[in-house]
Amino acid sequence: MIAVKIRQEITAAISNATLYTKGKNLGQLRAAFDGMWMQICHSLFERRPTNRTMARKLLNDAMDLEHPKATRDLIQALHDALRSSEHTLFRKDYTDHSSSIENFILGELREIIRCLP
Amino acid sequence: MNLSSQFTVLIGSCARGTHEATSDLDIVRIGHHQEIARNWLPQAERALGPISFIDYEQEEFMRLHRQGSLFLHHIFQEGIVLGGPHDTWAELCDGFIVCDDFKDQIEEQRDLLLWICDPIAFENAELALLSHTFRILKNLSIFSLAQRRQYIFEKREALSAFLPGLRSDDVENLLAANMIFERNQPDESLQPNTLEQSNLSELIRRITNELNAVGVL
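Here the protein sequences come in this chain order: A and B. At position 18 of the first sequence (counting the first as 1) the number is 18 in this note's numbering, and the numbers step up by one without a gap. Position in the second sequence (from 1) plus 1000 gives the number in this note's numbering.
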């Protein structure tokens, strides 16, 4: 459902979350996360939302529909991650928010990987 | 800086007077302890366009001041103080010396670019690839120019100055992808077929050729 390279990057972040809160690793994780949600949306709905806001709307609408449990769990996990990412992974302010990124990696991101086939 | 000082500074295209209809209003807040009151924001954005806030804790701002941060140089060069004591701001400007070595930042952006320039891994996520590529190229350009003591912060100008061989339609397409992806702009601004794998691979090839030509790769 998602590219091997993207999955590897996210799995590496989950294995060592502290390393992925700064610098190049954080940049790669941000790109991998954006690649991942776009590929999942395309795989599930054959749609390509153009940004995170549109993706959340698509997932929100999809949650009202009937899906097999595995798909429903993935939709929920992706929706939660997209909502949370704005305040963690993509937070703009210059304060140290390493711990919130770490929590995001070990919480929301890990859950998506768990839900992926 | 007085520990009670708070500043609100307008930066970006609006401060430079180069804004367009789609430009963000970029506001730096330093030492503010309160979150932005979100209830008035939609109304303000309807009147002024998208507003983007960049918050600094005072200690972090002073740490970056001592380090000679390039972004702070940018704020001091073009910023218009909207709130806060002007005399303290003038002292901060006068006491600031911009760092003269950005090799680490250049290397970081170059490595990031090498990692992301992979259209196959980003199949069905092409807009994300282009948007991140644009942001990385912009940062790489700004840091590389600063290494030569050229301080350009306007994105198109920085890209054109650092990568003069990059086609202007490529720059416009990358910028359009970033505006669609990060700023929710409508997607008509992107040239048709840009996201097709063959066109994307060609674009990435032109970017890497140009980076080779300027000695980055």
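Each residue gets a CB set at the ideal place from its N, CA and C atoms; glycine is no exception.
For Ile-1080(B), the enclosing beta strand (DSSP E) covers residues 1080-1083. Shown here, Val-1171(B) sits in a helix according to DSSP, grouped into three states.
One alpha carbon belongs to Phe-1071(B), the other to His-1086(B), and they sit about 20 Å apart. In this structure, Glu-1060(B) and Thr-95(A) form a Cβ contact; the two beta carbons are roughly 6 Å apart against a cut-off of 8 Å. Under the criterion of beta carbons closer than 8 Å, Arg-110(A) and Ile-14(A) qualify as touching, at roughly 5 Å. Counting C-beta atoms within 10 angstroms of its own C-beta, Glu-66(A) has fewer than 16 neighbours from the protein chains shown and is therefore classed as exposed. Annotation for Gln-1147(B): Phe-1102 place their beta carbon closer than 6 Å to its own, counting only its chain and skipping 5 residues before and after.
The residue among Trp-1115(B), Gly-1012(B), Ala-1021(B), Gln-1058(B) with its C-alpha nearest the C-alpha of Gly-1031(B) is Gln-1058(B). When the beta-carbon positions are compared, Glu-108(A) and Ala-81(A) come within less than 8 Å of each other.
Unbroken beta strand (DSSP E) stretches of 3 residues or longer found wholly inside the region 1061-1111 of chain B: 1080-1083, given in chain order. Where Val-4(A) is concerned, the enclosing alpha helix (DSSP H) starts and stops at 4-15. Look at Tyr-94(A): its C-beta is under 8 Å from a C-beta on chain B. Ranked by how close their Cα comes to the Cα of Ile-1180(B), the residues His-97(A), Asn-51(A), Ala-3(A), Ile-75(A) have Asn-51(A) in first place. Proximity of Asp-34(A) to chain B, defined by a Cβ-Cβ separation below 8 Å, is satisfied. The continuous stretches of beta strand (DSSP E) do not include Thr-95(A), and DSSP gives it neither H nor E. In the DSSP annotation of this structure, the continuous segment of the alpha helix (DSSP H) that includes Asp-73(A) starts and ends at 69-85. Taking all protein chains shown into account, Val-1028(B) has 16 or more neighbouring C-beta atoms within 10 Å of its C-beta and is therefore buried.
By the beta-carbon neighbour count (other beta carbons within 10 angstroms, threshold 16), Trp-1040(B) is exposed. The residues Cys-115, in chain order, have a CB closer than 8 Å to that of Asp-73(A) in the same chain once the five nearest residues on each side in sequence are set aside.
Distance from Leu-1010(B) to Ile-1080(B) at the Cβ level is roughly 4 Å; contact confirmed, criterion being Cβ atoms closer than 8 Å.
Interface with chain A (8 Å Cβ-Cβ cutoff): Leu-1112(B) is included. Along the region 3-19 of chain A, going in chain order, the ones with a CB nearer than 7 Å to a CB of chain B are Ala-3, Lys-5, Ile-6.
For Ser-1023(B), the secondary structure class from DSSP, reduced to helix, strand or coil, is coil.
Looking at the DSSP output, Asp-1055(B) bridges to Arg-1029(B).
The Cβ of Asn-1199(B) sits no closer than 8 Å to any Cβ of chain A.
Three or more Cβ pairs closer than 8 Å define a contact, and the region 1124-1135 of chain B meets that threshold against the region 34-46 of chain A. Our two residues, Glu-1108(B) and Leu-1195(B), have alpha carbons roughly 26 Å apart in a direct line.
What His-1132(B) touches in chain A, judged by beta-carbon distance under 9 Å, is Gly-27, Arg-30, Ala-31, Asp-34, Gly-35, going in chain order.
Per DSSP, the continuous alpha helix (DSSP H) segment holding Leu-1130(B) begins and ends at 1126-1147.
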